[in-house]
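Peer 1: When you line the sequence shown up against full-length UniProt numbering, it's residues 1 to 144, in that order. Glycine is no exception: its CB is placed at the ideal position from the N, C-alpha and C atoms. Computed from a predicted model, the values in this text were never measured in an experiment. Take this structure first; my questions come after.
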Amino acid sequence: MRGLTPEQLAAVLEHERGHVVGRHHLALAAAQAFHSVFRRLPLARHGREQTALLLEMVADDCALRRHSGEALATAMYEMAAARTPKGAFAARRADGTDPPSASARSSPVPSPCVLGDRGHRGRVGSAAATARRVPPSARLIGSA
């Protein structure tokens with residue numbers, strides 16, 4: 001981290017802040033628990049891998065809202081080249097390689113980066129309320 005410019009360091013810290021504010025550790029823990037219970041299902045393995053990758057993309061998008069793509073991409077490259085501390089939050093493929101970062105994308109996907117975003121809370125609340133109104137049999141079977 002000592003070799004990063006102030007702009008790169010700010011981009012990395014904003015990326016990490018996106019993880020904390022978004023509570024990504026909870027989603028990752030849920031995906032890991034699902035995989036632990038249903039180890040033989042390919043869906044469980046893919047779900048765990050893709051959840052980690054998507055959470056990295058969301059954190060990248062949060063950083064891209066305040067910093068340039070170049071600053072984030074070069075900072076992430078420098079960080080990837082350095083040693084990773086044990087227990088650090090990082091998306092990895094099953095073969096141990098790093099997936100491409102979302103910072104390489106040309107435009108960020110709109111996503112809430114602030115915990116207090118009222119619009120996001122309303123959408124989640126209305127989706128949960130709708131899910132409660134659907135009979136359990138319809139949720140299992142799906143609509144034809």
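Check whether the Cβ atoms of Gly28 and Thr51 sit closer than 9 Å, and answer yes or no.
Peer 2: Note on identity: in this sequence residue 28 is Leu, with Gly being the wrong assignment. Yes, these two residues count as a Cβ contact at 9 Å.
Peer 1: Taking a contact to mean a Cβ-Cβ separation below 9 Å, would you say Asp60 touches Gly22 in this structure?
Peer 2: Contact flag unset, no.
Peer 1: Taking a contact to mean a Cβ-Cβ separation below 9 Å, would you say Ala31 touches Val37 in this structure?
Peer 2: Going by C-beta atoms, Ala31 is not nearer than 9 Å to Val37.
Peer 1: Measuring straight from C-alpha to C-alpha, what distance separates Val12 and Cys62?
Peer 2: Each residue's Cα considered, the two are about 10 Å apart.
Peer 1: Write down every uninterrupted run of the alpha helix (DSSP H) in the UniProt domain "Peptidase M48" (5-38) whose length is 4 residues or greater and which is fully enclosed by it, in chain order.
Peer 2: DSSP runs (the alpha helix (DSSP H)) wholly in the UniProt domain "Peptidase M48" (5-38): 6-21, 24-37.
Peer 1: Grouping DSSP H, G and I as helix and E and B as strand, with all else coil, what is Arg48?
Peer 2: In this structure, Arg48 counts as helix in the three-state DSSP scheme.
Peer 1: Can you give me the C-alpha to C-alpha distance between His15 and Met57, rounded to a whole angstrom?
Peer 2: Their Cα atoms are separated by approximately 9 Å.
Peer 1: Roughly how many whole angstroms lie between the Cα atoms of Leu41 and His24?
Peer 2: Going by the C-alpha atoms only, they are around 23 Å apart.
Peer 1: Determine the contact status of His67 and Arg48, defining contact as a CB-CB distance below 9 Å.
Peer 2: Contact: no.
Peer 1: Which residue marks the beginning of the alpha helix (DSSP H) containing Gly69, and which one marks its end?
Peer 2: Segment 69-81, the alpha helix (DSSP H) holding Gly69.
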